[in-house]
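Asks: In this note's numbering, the protein residues as written are 300 to 615.
Note that the Cβ used here is the ideal one computed from N, Cα and C, for glycine as well.
These numbers come from a predicted model, not from an experiment.
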Amino acid sequence: MSHYLVTGGAGFIGSHLVEELIRRGEQVRVLDNLSSGKRRNLAHIPGVEFLEGDLVDPAACARATEGVDYVLHQAAIPSVPRSVKDPVTSNRSNIDGTLNILVAARDAGVKRLVYAGSSSAYGDTPTQPKHEEMPTNPLSPYALQKLVGEQYGQIFTRLYGLETVTIRYFNVFGPRQDPGSPYSGVISLFSTAVLEGRQPTIYGDGGQTRDFTYIANVVDGVLRACHAPEVAGEVINVATGGRISLNDLLQVMNGLVGTALSPLYADARQGDVRDSQADITKARTRLGYTPLVSLEEGLRRTLEWARSESSVGASR
Ligand code: UD1
300 MSHYLVTGGA
310 GFIGSHLVEE
320 LIRRGEQVRV
330 LDNLSSGKRR
340 NLAHIPGVEF
350 LEGDLVDPAA
360 CARATEGVDY
370 VLHQAAIPSV
380 PRSVKDPVTS
390 NRSNIDGTLN
400 ILVAARDAGV
410 KRLVYAGSSS
420 AYGDTPTQPK
430 HEEMPTNPLS
440 PYALQKLVGE
450 QYGQIFTRLY
460 GLETVTIRYF
470 NVFGPRQDPG
480 SPYSGVISLF
490 STAVLEGRQP
500 TIYGDGGQTR
510 DFTYIANVVD
520 GVLRACHAPE
530 VAGEVINVAT
540 GGRISLNDLL
550 QVMNGLVGTA
560 LSPLYADARQ
570 GDVRDSQADI
580 TKARTRLGYT
590 PLVSLEEGLR
600 RTLEWARSES
610 SVGASR
């Protein structure tokens, strides 16, 4: 049994990692400031040590990394538009917080830290699919902050020998992704709209594409990155490896629910990337990763969860 720290472990992605680690019999500690994470996301998982604290507090990071073998660093303030609106707050969490956890992990003698990177680092580079050797081109504060975090990780590997691996996530979706904010991931917003029979909003012409990735694939990729040999300092895409436009996504979701809702179109978001698709060759060769759940199956499971949530909400 190894000891894992999951920062942001009460959030959407973090709580899925925690769930799988506990299922595998590992020892798990969570550090979360509950800014967007929820205790409720962990309520069904037994045996998790929960620390409420903020990454910007070095003492909280030191306490959280004590005796830990692996750190899965998921805590961040996500969302491109939120970072455009308030770059300072997200900078503090995403860059200062990452530096603090790296320092604490180094000082605690952690074996490896796996960092939640973002596909947004690629920006609008013209080539599809995006592979890790391509130059980066961040278009928003969020994209830049996530890129700085991965470079900090590489520098800690080089300077101090702390093993770090960046997994670049591509538009992750699934159960427990909170639809409750305008900054929520688009699939969570479309799911609630379609299930409630409301027209979803599409920003721009809906021709932008994304490589939407079901959460189980990400969990598998991250946990492989903890144990794969000779990946310290590497950046690796984890995604489905396809892409779909928002217009087509809505049609697929309409098909799964049996609705025929058309979207409302609004102005495109500032800092939005046009097309995003991952080359997952490196994940296949270096991690032995292969997507376990297709986009359509992931959408089916996500809609099923959203339906059960709304019935829970209705019966409260
Ligand atoms: C970006 C990153 C993603 C990261 C996420 C964190 C890229 C390609 N992806 O996601 O890896 O995890 O930030 O927050 O940079 N949209 C609508 N209607 C809505 C909401 C969104 O049309 O109600 C559109 C957005 O304008 C965008 C697309 O849907 O074009 C996806 O948006 P969103 O789910 O917020 O994620 P990204 O910003 O693509």
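What's the call for Met300, buried or exposed, on a 16-neighbour Cβ count within 10 Å?
Replies: Locating residue 300 in the sequence shown gives position 1, where the first residue counts as 1. Exposed, since its Cβ has fewer than 16 Cβ neighbours within 10 Å.
Asks: Is His526 helix, strand or coil by DSSP?
Replies: Your numbering for residue 526 matches position 227 in the sequence shown. Helix at His526.
Asks: Which same chain residues, not among the five before or five after Gly366, have their C-beta less than 7 Å away from its C-beta?
Replies: Residue 366 sits at position 67 when you count from the first residue of the sequence shown. Result list for Gly366: His302, in chain order.
Asks: So for His266, helix, strand or coil by DSSP?
Replies: In the structure as shown, the chain begins at 300 and stops at 615. Residue 266 is therefore absent and cannot be evaluated.
Asks: Buried or exposed for Thr426, going by 16 or more other Cβ atoms inside 10 Å?
Replies: Translated into the one-based positions of the sequence shown, residue 426 becomes position 127. Classification of Thr426: exposed, given that the 10 Å Cβ count is below 16.
Asks: Over what stretch of residues does the beta strand (DSSP E) that includes Ala369 continue unbroken?
Replies: Here residue 369 refers to the residue found at position 70 when the sequence shown is read from its first residue. The question names Ala, but residue 369 in the sequence shown is Tyr. That run of the beta strand (DSSP E) goes Tyr369 to His372.
Asks: Can Gln453 be considered in contact with the ligand UD1, in the sense that its beta carbon sits closer than 6 Å to one or more heavy atoms?
Replies: Locating residue 453 in the sequence shown gives position 154, where the first residue counts as 1. For the ligand UD1, not one heavy atom lies less than 6 Å from the Cβ of Gln453.
Asks: I want to check one thing, is the minimum distance from the CB of Gln507 to the heavy atoms of the ligand UD1 below 6 Å?
Replies: On the sequence shown, position 208 is the one that residue 507 refers to. Correct: Gln507 has its Cβ closer than 6 Å to the ligand UD1.
Asks: Going by DSSP in three states, Gly313 sits in which element: helix, strand or coil?
Replies: Walking along the sequence shown from the start, residue 313 turns up at place 14. Three-state DSSP puts Gly313 in a helix.
Asks: Quick check: is any heavy atom of the ligand UD1 less than 6 Å from the C-beta of Thr500?
Replies: Taking the first residue of the sequence shown as 1, we reach residue 500 at position 201. The answer is yes for Thr500.
Asks: Does the Cβ of Ser335 have 16 or more other Cβ atoms within 10 Å, making it buried, or fewer, making it exposed?
Replies: Position 36 of the sequence shown, counting from 1, holds the residue named residue 335. It counts as buried.
Asks: Can you tell me which residues form a DSSP beta bridge with Gly429?
Replies: As a working mapping, residue 429 is identified with position 130 in the sequence shown. Looking at the sequence provided, one finds Lys at residue 429 rather than Gly. Paired residues: Ala577.
Asks: Considering just the uninterrupted stretch of the alpha helix (DSSP H) at Ala442, what are its terminal residues?
Replies: Here residue 442 corresponds to residue number 143 of the sequence shown, with the count starting at 1. Segment Pro440 to Tyr459, the alpha helix (DSSP H) holding Ala442.
Asks: Between Gly352 and the rest of its own chain, which residues show a CB-CB distance below 6 Å, the 5 nearest in sequence each way excluded?
Replies: Locating residue 352 in the sequence shown gives position 53, counting from the first residue. Leu330 and Ala359, listed in sequence order.
Asks: For the stretch 482 to 558, which segments carrying the beta strand (DSSP E) assignment without a break, of at least 3 residues, lie completely within its bounds, in sequence order?
Replies: Segments of the beta strand (DSSP E) lying fully in the stretch 482 to 558: 500 to 502 and 534 to 537.
Asks: Would you report the Cα separation of Pro562 and Arg391, rounded to the nearest angstrom?
Replies: What you label residue 562 is simply residue 263 of the sequence shown in a count that begins at 1. What you label residue 391 is simply residue 92 of the sequence shown in a count that begins at 1. One C-alpha to the other measures close to 35 Å.
Asks: Let me check you understand the geometry: is the CB of Pro434 closer than 6 Å to at least one non-hydrogen atom of the ligand UD1?
Replies: Locating residue 434 in the sequence shown gives position 135, counting from the first residue. Not under cutoff, so the answer is no.
Asks: Which class does Ile466 belong to by DSSP, given the choice of helix, strand or coil?
Replies: Position 167 of the sequence shown, counted from the start, is the residue given in the question as residue 466. Ile466: strand per DSSP, three-state reduction.
Asks: Start and end of the beta strand (DSSP E) containing Val402?
Replies: What you label residue 402 is simply residue 103 of the sequence shown in a count that begins at 1. Unbroken run through Val402 is the alpha helix (DSSP H), Gly396 to Ala407; no beta strand (DSSP E).
Asks: Using a Cβ-based criterion (distance less than 6 Å to any ligand heavy atom), does Arg568 qualify as near the ligand UD1?
Replies: Here residue 568 refers to the residue found at position 269 of the sequence shown. Yes; taking the cut-off as 6 Å, the Cβ of Arg568 has a heavy atom of the ligand UD1 nearer than that.
Asks: Quick test of the definition: if touching needs 3 or more C-beta pairs under 8 Å, does the stretch 495 to 510 touch the stretch 543 to 550?
Replies: In short, these stretches touch, since the Cβ pair count reaches three.
Asks: Exposed or buried, which one is Ser439 when buried takes at least 16 other CB atoms within 10 Å?
Replies: Against the sequence shown, residue 439 aligns to sequence position 140. Counting Cβ neighbours within 10 Å, Ser439 comes out buried, since at least 16 surround it.
Asks: Give the single residue among Ala531, Glu348, Arg323 and Ser382 whose Cα lies nearest to the Cα of Gly308.
Replies: Position 9 of the sequence shown holds residue 308. Selected option, being the one with the closest Cα: Glu348.
Asks: Short of 7 Å in beta carbon distance, which residues of its chain neighbour Glu325, apart from the five on each side in sequence? Order them along the chain.
Replies: By 1-based counting over the sequence shown, the position of residue 325 is 26. If we look at Glu325 and ignore the five residues flanking it on each side, its Cβ neighbours are Met300, Ser301 and Tyr303.
Asks: With a cut-off of 8 Å on the beta carbons, I'd call Tyr451 and Thr397 a contact; round off their distance for me.
Replies: Locating residue 451 in the sequence shown gives position 152, where the first residue counts as 1. Locating residue 397 in the sequence shown gives position 98, where the first residue counts as 1. Their Cβ separation, rounded to whole angstroms, is 6 Å, which keeps Tyr451 and Thr397 in contact under 8 Å.
Asks: Kindly indicate which three-state DSSP category Ala375 falls into: helix, strand or coil?
Replies: Within the sequence shown, the letter at position 76 stands for residue 375. Ala375: coil per DSSP, three-state reduction.
Asks: Tell me where the beta strand (DSSP E) around Ser334 begins and ends.
Replies: Reading the sequence shown from its first residue, position 35 is the one you call residue 334. That residue, Ser334, is in no beta strand (DSSP E); it is neither H nor E in DSSP.
Asks: Report all residues from its chain with a CB closer than 7 Å to the CB of Val383; omit the five preceding and five following residues, and keep chain order.
Replies: Counted from its first residue, the sequence shown places residue 383 at position 84. If we look at Val383 and ignore the five residues flanking it on each side, its Cβ neighbours are Ser439, Pro440, Gln569 and Gly570.
Asks: Taking C-beta to C-beta, are Glu462 and Ala531 nearer than 7 Å?
Replies: Along the sequence shown, read from residue 1 onward, the residue named residue 462 stands at position 163. Along the sequence shown, read from residue 1 onward, the residue named residue 531 stands at position 232. Yes, these two residues count as a Cβ contact at 7 Å.
Asks: With DSSP as the reference, label Glu319 as helix, strand or coil.
Replies: Here residue 319 refers to the residue found at position 20 when the sequence shown is read from its first residue. Glu319 falls in the helix class under three-state DSSP.
Asks: Can you name the start and end residues of the beta strand (DSSP E) that Ala415 belongs to?
Replies: As a first step, residue 415 is located in the sequence shown; it is residue number 116 there, counting from the start. Element bounds for Ala415: Arg411 to Ser417.
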